[in-house]
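Sequence lines, in order, name chains A and B. Everything in the first sequence is counted per this note's numbering, starting at 1 for the first residue and increasing by one. Everything in the second sequence is counted per this note's numbering, starting at 449 for the first residue and increasing by one.
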Amino acid sequence: MSYIPHTEVERQQMLAAIGVTTIEDLFDAVPASHRFPALNLPEAMSEMEVAAEMQALAESNEHAGDFALFRGAGAYHHFVPSAVNHILLRGEFYTAYTPYQPEMSQGTLQSIFEYQSMMVALTGLDAANASHYDGATSLAEAVTVALEVARMKRKKVILSHAIHPQYRAVARTYNQGRDVKFVGDSGRADIADLMDMIDEQTAMVAIQYPNFFGQVESPETIRQLADRIHQVGGLLVMVVNPLALGLLKSPGELGADIAVGEGQPLGIPLSYGGPYLGFFATRSEYVRKIAGRIVGETVDQDGRRAYVMTLRPREQDIRREKASSNICTNQGLMALAACVHMSLLGKQGIRKVAELNYHKAHYAAAQIDALPGFTVNQDKVFFNEFVVRCSKPVSAINQALIEQGMIGGYDLGADYPHLKDHMLVCVTEMNRRAEIDALAEALGKAGN
Amino acid sequence: MEPLIYEISVPGRTAALLPDCDVPLADLPGGYVRDEVALPEVSELQVVRHFVNLSHLNHAIDKGFYPLGSCTMKYNPKINEDMARLPGLAHLHPLTDEEGSQGALALMFQLQEWLAEISGFAAVSLQPAAGAQGELAGILMIRKYHLDRGDTQRTKILVPNSAHGTNPATVTMAGMEVIELPSDDEGNVDLAALRAACDGEQGRHIAGMMITVPSTLGLFDRGILQIVEIVHNAGGLMYMDGANMNALMGVVKPGELGFDVMHYNLHKTFSTPHGGGGPGCGAVGVAERLIKFLPGPIAAVVEPAAGEDDAPLYGLMMPEKSIGRLKAFHGNFGMHIRAYAYIRIYGGEGLKDVTRHAVLNANYIRSQLKGVYHIPYDRFCGHEFVLEGHFEDAPDIHALDISKRLMDYGIHPPTNYFPLIVPEALLIEPTETEDKATLDGFIDAMKKIAQEAREDPHMLKGAPHTLPVSRLDEVRAAKELVLCCAPLLKMVE
Numbered sequence: 001m002s003y004i005p006h007t008e009v010e011r012q013q014m015l016a017a018i019g020v021t022t023i024e025d026l027f028d029a030v031p032a033s034h035r036f037p038a039l040n041l042p043e044a045m046s047e048m049e050v051a052a053e054m055q056a057l058a059e060s061n062e063h064a065g066d067f068a069l070f071r072g073a074g075a076y077h078h079f080v081p082s083a084v085n086h087i088l089l090r091g092e093f094y095t096a097y098t099p100y101q102p103e104m105s106q107g108t109l110q111s112i113f114e115y116q117s118m119m120v121a122l123t124g125l126d127a128a129n130a131s132h133y134d135g136a137t138s139l140a141e142a143v144t145v146a147l148e149v150a151r152m153k154r155k156k157v158i159l160s161h162a163i164h165p166q167y168r169a170v171a172r173t174y175n176q177g178r179d180v181k182f183v184g185d186s187g188r189a190d191i192a193d194l195m196d197m198i199d200e201q202t203a204m205v206a207i208q209y210p211n212f213f214g215q216v217e218s219p220e221t222i223r224q225l226a227d228r229i230h231q232v233g234g235l236l237v238m239v240v241n242p243l244a245l246g247l248l249k250s251p252g253e254l255g256a257d258i259a260v261g262e263g264q265p266l267g268i269p270l271s272y273g274g275p276y277l278g279f280f281a282t283r284s285e286y287v288r289k290i291a292g293r294i295v296g297e298t299v300d301q302d303g304r305r306a307y308v309m310t311l312r313p314r315e316q317d318i319r320r321e322k323a324s325s326n327i328c329t330n331q332g333l334m335a336l337a338a339c340v341h342m343s344l345l346g347k348q349g350i351r352k353v354a355e356l357n358y359h360k361a362h363y364a365a366a367q368i369d370a371l372p373g374f375t376v377n378q379d380k381v382f383f384n385e386f387v388v389r390c391s392k393p394v395s396a397i398n399q400a401l402i403e404q405g406m407i408g409g410y411d412l413g414a415d416y417p418h419l420k421d422h423m424l425v426c427v428t429e430m431n432r433r434a435e436i437d438a439l440a441e442a443l444g445k446a447g448n
Numbered sequence: 449m450e451p452l453i454y455e456i457s458v459p460g461r462t463a464a465l466l467p468d469c470d471v472p473l474a475d476l477p478g479g480y481v482r483d484e485v486a487l488p489e490v491s492e493l494q495v496v497r498h499f500v501n502l503s504h505l506n507h508a509i510d511k512g513f514y515p516l517g518s519c520t521m522k523y524n525p526k527i528n529e530d531m532a533r534l535p536g537l538a539h540l541h542p543l544t545d546e547e548g549s550q551g552a553l554a555l556m557f558q559l560q561e562w563l564a565e566i567s568g569f570a571a572v573s574l575q576p577a578a579g580a581q582g583e584l585a586g587i588l589m590i591r592k593y594h595l596d597r598g599d600t601q602r603t604k605i606l607v608p609n610s611a612h613g614t615n616p617a618t619v620t621m622a623g624m625e626v627i628e629l630p631s632d633d634e635g636n637v638d639l640a641a642l643r644a645a646c647d648g649e650q651g652r653h654i655a656g657m658m659i660t661v662p663s664t665l666g667l668f669d670r671g672i673l674q675i676v677e678i679v680h681n682a683g684g685l686m687y688m689d690g691a692n693m694n695a696l697m698g699v700v701k702p703g704e705l706g707f708d709v710m711h712y713n714l715h716k717t718f719s720t721p722h723g724g725g726g727p728g729c730g731a732v733g734v735a736e737r738l739i740k741f742l743p744g745p746i747a748a749v750v751e752p753a754a755g756e757d758d759a760p761l762y763g764l765m766m767p768e769k770s771i772g773r774l775k776a777f778h779g780n781f782g783m784h785i786r787a788y789a790y791i792r793i794y795g796g797e798g799l800k801d802v803t804r805h806a807v808l809n810a811n812y813i814r815s816q817l818k819g820v821y822h823i824p825y826d827r828f829c830g831h832e833f834v835l836e837g838h839f840e841d842a843p844d845i846h847a848l849d850i851s852k853r854l855m856d857y858g859i860h861p862p863t864n865y866f867p868l869i870v871p872e873a874l875l876i877e878p879t880e881t882e883d884k885a886t887l888d889g890f891i892d893a894m895k896k897i898a899q900e901a902r903e904d905p906h907m908l909k910g911a912p913h914t915l916p917v918s919r920l921d922e923v924r925a926a927k928e929l930v931l932c933c934a935p936l937l938k939m940v941e
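Below, the structure is given as structure tokens:
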């Protein structure tokens with residue numbers, strides 16, 4: 001089995017044309033002492049054997065095709081219309097590369113332009129880039145922009161503890177070689193506490209909306225935070241769930257300067273954590289500071305409208321060591337998935353999906369809160385996730401749920417010691433009422 | 449041209465086929481709710497036609513030859529796509545408990561092992577989402593290695609002037625400094641300059657060196673063992689940019705040459721699709737001394753198999769002194785699936801054949817274009833080679849014109865104006881999956897263009913002539929900066 005098309009006759013013709021007798025002759029520059037090592041790998045397999053082996057691996061997993069899933073925590077099981085996958089499987093899209101040659105890449109370029117437009121609509125900001133690797137790296141890139149806006153003179157970055165723990169970890173990974181101080185997320189600081197931390201040294205403050213615990217801060221609170229950070233000349237960065245923006249006020253309306261987040265809820269499967277889609281949107285004044293590909297509209301020599309990657313001099317291949325980021329790709333195909341998905345949902349659909357999530361999560365929260373041994377934290381407005389305090393370890397409860405064909409909530413104790421025995425439950429439009437009722441029933445049994 | 453999706457939007461239309469709400473409605477939080485989102489209002493058929501029509505405007509591997517140097521645009525096997533869409537993989541939540549994700553963890557573990565074997569490294573992490581992230585991981589590991597030993601003055605990274613722009617950009621991101629090294633007239637690193645940079649007191653500031661093998665010129669550096677030795681002797685570590693791994697499988701193992709860390713591009717060497725610019729995977733492999741610094745989590749055996757017929761228990765593990773996470777969850781798992789399928793289908797001998805034929809194809813084209821174009825380094829190349837896209841007797845014609853004209857022949861242009869050290873560079877990488885007839889077609893087109901450059905330069909300047917659009921006004925795009933269909937968004941609102 002091989003994708004190499006050469007026949008023996010052709011190989012000989014080509015070698016003769018080059019003027020050598022064997023292919024091995026072409027490797028004369030490789031040190032002879034290290035040339036042609038053995039590769040200790042399994043032998044080749046036929047396509048059907050590979051498929052059978054991988055199917056067996058796949059089926060040994062506990063996945064949302066077989067189990068009712070009530071887990072989110074940054075990755076969500078949502079309905080994806082069939083048409084999305086059919087478009088993604090068009091070879092013209094998925095076997096193309098970065099549109100360096102715009103005349104041959106108008107399909108990719110226009111779809112990115114449309115994706116950027118939809119992200120602008122969703123976030124209420126002025127411009128979006130062609131995407132980053134995922135929500136976590138988008139946050140890390142937002143930190144870089146905030147530092148650049150402050151001309152590297154401000155070192156303080158305030159992060160809410162209610163931002164996804166892994167996103168905060170990635171922001172730290174990216175900045176370990178730079179002189180940056182991350183504060184705000186070591187304890188349980190609320191927005192008012194974050195406001196008190198803001199000073200003239202602060203480059204940005206970041207919050208998540210809805211936050212990692214599913215809660216939504218009030219528009220007034222966020223606007224106050226925006227005012228406070230703007231008073232000192234820093235930026236407000238919001239990590240947002242794009243589907244929640246089908247219902248909730250946009251970052252633009254709330255005073256955010258940058259909105260980043262995970263685009264996975266927009267038509268991208270769970271796929272054990274990736275590939276996903278990091279989106280990044282900002283106000284016009286910061287566009288020239290952001291990293292990543294950006295597509296702009298222009299005309300060709302004959303005056304026809306066309307699209308091209310623009311603001312290229314920001315990027316690493318031109319600026320080299322003076323570039324602020326080394327990113328050179330985007331998540332092109334994932335941005336296309338989101339673009340097709342948002343087109344299919346449309347203005348009415350995105351609202352409807354967001355409302356389905358909201359209503360179902362609230363129904364589930366009420367059912368669970370009524371159970372002895374479980375308390376739902378309902379201090380704040382929530383979207384499709386909520387925190388449940390359990391009277392037993394979460395792992396024990398989840399074990400009981402698995403036996404009932406259900407994957408329970410995320411165990412918060414590992415990331416937040418004060419939330420031992422708390423689970424983060426997620427309910428989406430994929431969870432039918434019967435599933436939610438079954439969850440409540442199983443929890444009732446498991447909790448006693 | 450295809451209209452924008454916003455231009456075919458009609459108020460009140462929707463393609464969403466969603467169920468009715470089957471639970472009692474909760475009160476919406478009044479002050480929190482926004483106005484409608486200005487998404488397009490279109491039917492499913494409109495959406496499908498729109499994107500199919502857009503797809504027709506692209507060139508792609510599935511449509512024709514794509515010899516884009518340094519990008520390894522090889523055939524992306526269809527089975528890979530089917531495997532990535534298996535429900536047990538596509539619908540697996542990343543925070544599934546260990547016991548419930550044994551299949552996925554086994555796949556990741558196996559892929560780590562195979563990648564380590566292919567390049568002679570001690571361990572591999574699949575975390576990085578792209579080559580650029582793999583580079584960042586590598587340089588952060590080198591940085592942390594020195595700091596961990598209390599060696600705080602090593603802040604400089606050597607980078608040859610032929611390097612891809614990501615290399616120096618990565619060094620800056622990691623808070624370190626670049627020292628650029630010249631190349632000699634054979635395209636190798638200038639050893640005298642390297643020795644000088646690593647000499648005495650200066651050498652004590654060298655954290656390491658980043659080098660692409662074969663180089664971005666497609667050439668295997670003849671001095672590679674000496675380079676590794678000089679840098680190691682100065683106390684620095686060696687980073688290999690594995691973008692060109694397609695020239696090395698079964699030919700040489702970077703780990704055995706003495707490299708300490710390398711990133712792989714699964715989307716180049718291991719056939720995962722480029723997707724119009726991503727997603728990719730920039731897995732990193734390391735020598736023994738860097739294992740504890742790997743980005744994590746990585747897949748590991750947490751309980752060995754009980755008996756011969758049993759499987760071990762796999763889990764996710766954070767290396768002891770990890771540089772940390774590079775993204776949420778466990779890397780671009782969808783790419784791991786595809787690379788797994790690819791390696792499984794080829795096996796060890798097959799992967800050797802991949803490299804042998806990639807190098808055969810590149811040398812074949814080189815031999816046929818020699819004399820027609822100036823080839824600055826006249827020696828056998830690896831999987832790609834560079835030629836100069838200009839002619840002394842046709843001074844107005846540049847690499848860009850040749851590139852644009854190739855489009856009229858149905859061929860995607862090579863990478864142009866890179867590497868920077870060759871004037872009017874055209875970097876040509878055919879890959880192993882192209883047959884001789886396709887290569888001959890490309891050679892013919894390049895010969896015809898060389899002729900056209902002399903006979904009809906004006907026509908060449910106006911190329912492409914047969915595409916949906918002609919050359920674009922890129923200055924206007926940057927100056928007027930239209931980044932979204934703003935007026936249309938308003939119209940929809």
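Cβ coordinates follow ideal geometry from the N, Cα and C atoms, glycine included.
Contacts that residue i makes with chain A (C-beta to C-beta distance below 7 Å)
i: F781 (chain B); result: S271, Y272, G273, G274
i: A434 (chain B); result: Given that chain B is displayed from residue 449 to residue 941, the structure contains no residue 434 (chain B) and the question cannot be resolved.
Residues bridged to residue i [DSSP beta-bridge criterion]
i: Q215 (chain A); result: A:F382
i: A259 (chain A); result: A:M238, A:A281
i: A68 (chain A); result: A:M406
i: V145 (chain A); result: Note: V145 (chain A) sits in no beta bridge, so no partner.
i: V157 (chain A); result: A:F182, A:M204
i: E751 (chain B); result: B:L761
i: Y712 (chain B); result: B:G690
i: I876 (chain B); result: B:L516, B:F833
Supposed contact pair residue j and residue i - C-beta distance, whole angstroms, cut 8 Å
i: T803 (chain B); j: A695 (chain B); result: 6 Å
i: R293 (chain A); j: M449 (chain B); result: About 21 Å; that fails the 8 Å criterion.
i: L629 (chain B); j: P616 (chain B); result: Contact flag wrong, Cβ pair sits at about 12 Å.
i: S518 (chain B); j: E832 (chain B); result: 7 Å
i: L488 (chain B); j: I527 (chain B); result: Looking at the sequence itself, residue 488 (chain B) is Pro, so the reference to Leu does not match. Their Cβ separation, rounded to whole angstroms, is 35 Å, which puts P488 (chain B) and I527 (chain B) out of contact at 8 Å.
i: G635 (chain B); j: L333 (chain A); result: 35 Å between Cβ atoms; not a contact.
Where residue i meets chain B, residues with beta-carbon distance less than 9 Å
i: N448 (chain A); result: Under the 9 Å cutoff, chain B gives no residues; its nearest Cβ is about 22 Å from N448 (chain A).
i: R151 (chain A); result: Here the premise fails: no neighbours, minimum Cβ distance about 16 Å.
i: L333 (chain A); result: P721, H722, G723, G724, G725, G726, P727
Contacts that residue i makes with chain A (C-beta to C-beta distance below 9 Å)
i: P760 (chain B); result: Under the 9 Å cutoff, chain A gives no residues; its nearest Cβ is about 13 Å from P760 (chain B).
i: H913 (chain B); result: What H913 (chain B) touches in chain A: nothing, since even the nearest Cβ is about 10 Å away.
Per-residue contacts from residue i into chain B (C-beta, under 7 Å)
i: F36 (chain A); result: G698, V699
Residues that residue i contacts on chain B, provided the C-beta gap is smaller than 8 Å
i: R351 (chain A); result: E484, V485
Return the chain-ordered ranges of every alpha helix (DSSP H) run that is complete within the region 495-556 of chain B and spans a minimum of 4 residues.
526-532, 535-538
Taking Cβ-Cβ distances below 8 Å as the criterion, which residues of the region 464-493 of chain B are in contact with chain A?
A464, L465, L466, P467, C469, D470, V471, P472, L473, A474, L476, P477, G479, Y480, V481, R482, E484, V485, A486, L487, P488, E489, V490, E492
Which full runs of the beta strand (DSSP E) of 3+ residues lie inside the region 587-661 of chain B, going along the chain?
604-608, 625-629, 654-660
Closer than 9 Å, Cβ to Cβ, to anything on chain B: give me those residues from the region 49-69 of chain A, in chain order.
E49, V50, A51, E53, M54, Q55, A56, L57, A58, E59, S60, N61, E62, H63, A64, G65, D66, F67, L69
When Cβ atoms are compared, which residues of the region 402-415 of chain A fall closer than 8 Å to chain B?
I402, I407, Y410
What residues in the region 518-531 of chain B bring their beta carbon closer than 8 Å to a beta carbon of chain A?
C519, M521, K522, Y523, N524, P525, I527, E529, D530, M531
Anything in the region 809-820 of chain B with a Cβ closer than 7 Å to a Cβ of chain A? List those residues in chain order, please.
N811, Y812, S815, Q816
Can you pull out the residues from the region 726-752 of chain B whose beta carbon lies closer than 8 Å to at least one beta carbon of chain A?
G726, P727, G728, P743
Of all the residues that make up the region 296-312 of chain A, which are near chain B by a beta-carbon distance shorter than 7 Å?
G296, E297, T298, V299, D300, Q301, D302, R304, R305, A306, V308, T310, L311
Which residues of the region 214-248 of chain A have a Cβ closer than 9 Å to any Cβ of chain B? Give them in chain order.
V216, S218, P219, E220, L245, G246, L247, L248
Which residues, in chain order, does the region 94-113 of chain A contribute to contact with chain B at a C-beta distance below 9 Å?
Y94, T95, A96, Y97, T98, P99, Y100, Q101, P102, E103, M104, S105, Q106, G107, T108, L109, Q110, S111, I112, F113
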